[in-house]
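Written out below as C-alpha cells is the structure these notes cover.
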Amino acid sequence: MHVYVQDEHIRRDPIVSRRVFGSYSLGACCALCMQQLGSISAKRFKSCMGRFATGVTVVTTVDASGAQHGVTVSSFNSVSLDPPLVLFSMQKSSSRFAAFSQCTEFVVNILSDAQKDVSQDFACNLVENWDSHDYIKLSGIPVICGSIAYFHCALYRLYDGGDHKIVVGRVLDCATLEDDDPLLHYRGSYWSINHEL
Numbered sequence: 001m002h003v004y005v006q007d008e009h010i011r012r013d014p015i016v017s018r019r020v021f022g023s024y025s026l027g028a029c030c031a032l033c034m035q036q037l038g039s040i041s042a043k044r045f046k047s048c049m050g051r052f053a054t055g056v057t058v059v060t061t062v063d064a065s066g067a068q069h070g071v072t073v074s075s076f077n078s079v080s081l082d083p084p085l086v087l088f089s090m091q092k093s094s095s096r097f098a099a100f101s102q103c104t105e106f107v108v109n110i111l112s113d114a115q116k117d118v119s120q121d122f123a124c125n126l127v128e129n130w131d132s133h134d135y136i137k138l139s140g141i142p143v144i145c146g147s148i149a150y151f152h153c154a155l156y157r158l159y160d161g162g163d164h165k166i167v168v169g170r171v172l173d174c175a176t177l178e179d180d181d182p183l184l185h186y187r188g189s190y191w192s193i194n195h196e197l
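Position one of the sequence shown corresponds to residue 1 (the UniProt record's numbering), numbered consecutively onward.
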C-alpha cells in the first residue's frame, strides 16, 4: 500500500510541511495515516466526529394526542435559503422517533451556555422534564425560555440515513430571543465560547 503526496512543494519544503502536518514530520504523518486505514469502528467514527464542535438544540413537538415531546439534538443544520429549510437527524430506535417522524410541525430551540441542564434533561427520556423548565407555546409547540433563538418549522421531508432518519423542516418563523453565548458540544463534553478569534 502506498501513500502519495501529490503536491511536490509540500513534500520538499520543511516549513510548508510543518504548517500542513503540524507537529508531525511528513513521514510520521503518512505512517499515522496508514495505521488508521481499514474498517471504521463505531468508536473511531465517534471519536473523529467528536473533534467537530457543534451547537446544541432541543427540538420540540406535540403529537396527535396533545402530548409534548422534546429531544436534544446536535445535528441541526441549515439546508436552503430559498425556500428556508433546516434539518436534523434522529435515531430510529429512539423512543421519541415516532413523535417526530409523524409530526406536522416542530420547533428547534438553540440553547445558551446557561442551559446545560436543559440539554441533559432532554437527552434522557424524562416525562417530568417539562416540569423542570419554563416554556411558552407557539402554535401549541413548546419554545423553551432562555433559548437564544428558535426555528418554527413544518415537516418538509424525511430521508433515510442508515440507523437515523434525516428530518427536513421548512421554516415558518424564526427569531433571536437572548444575546447569550451558545452552548457547544465538543469531544463528548459541554463547552462555552471564551473569546472571538
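In this text, a Cβ means the ideal position worked out from N, Cα and C, and glycines have one as well. Note that the structure is predicted; figures quoted are calculated from it, not measured.
Quiz prompt | Contacting residues, own chain, Cβ-Cβ under 6 Å from Trp191 (five flanking each side not counted) | solution = Leu184
Quiz item: Are the Cβ atoms of Val108 and Tyr150 separated by less than 8 Å?
Solution: yes
Exercise. Verify whether the separation of the beta carbon atoms of Ile148 and His133 is less than 8 Å.
Key: In this structure, Ile148 sits away from His133, with a CB-CB distance that is not shorter than 8 Å.
Practice problem: Leaving aside the five residues before and after Ser78 along the sequence, list all residues of the same chain whose C-beta is less than 6 Å from its C-beta, in chain order. | Solution: Val86
Quiz item: For Val59 versus Phe97, is the C-beta spacing smaller than 8 Å?
Solution: With contacts defined by Cβ atoms closer than 8 Å, Val59 and Phe97 do not form a contacting pair.
Practice problem: For Phe45, count neighbouring C-beta atoms within 10 Å of its own C-beta (all shown protein chains included) and say buried if the count is 16 or more, exposed if not. | Solution: exposed
Quiz item: In terms of residues, what are the limits of the alpha helix (DSSP H) holding Phe97?
Solution: Phe97 to Ser101
Quiz item: Once you ignore the five residues that flank Asp82 on each side, which residues in its own chain have a CB closer than 7 Å to its CB?
Solution: Closer than 7 Å at the Cβ level, and outside the excluded window around Asp82, lies no residue.
Practice problem: Could you check the C-alpha separation between Tyr156 and Thr57 for me, to the nearest Å? | Solution: 19 Å
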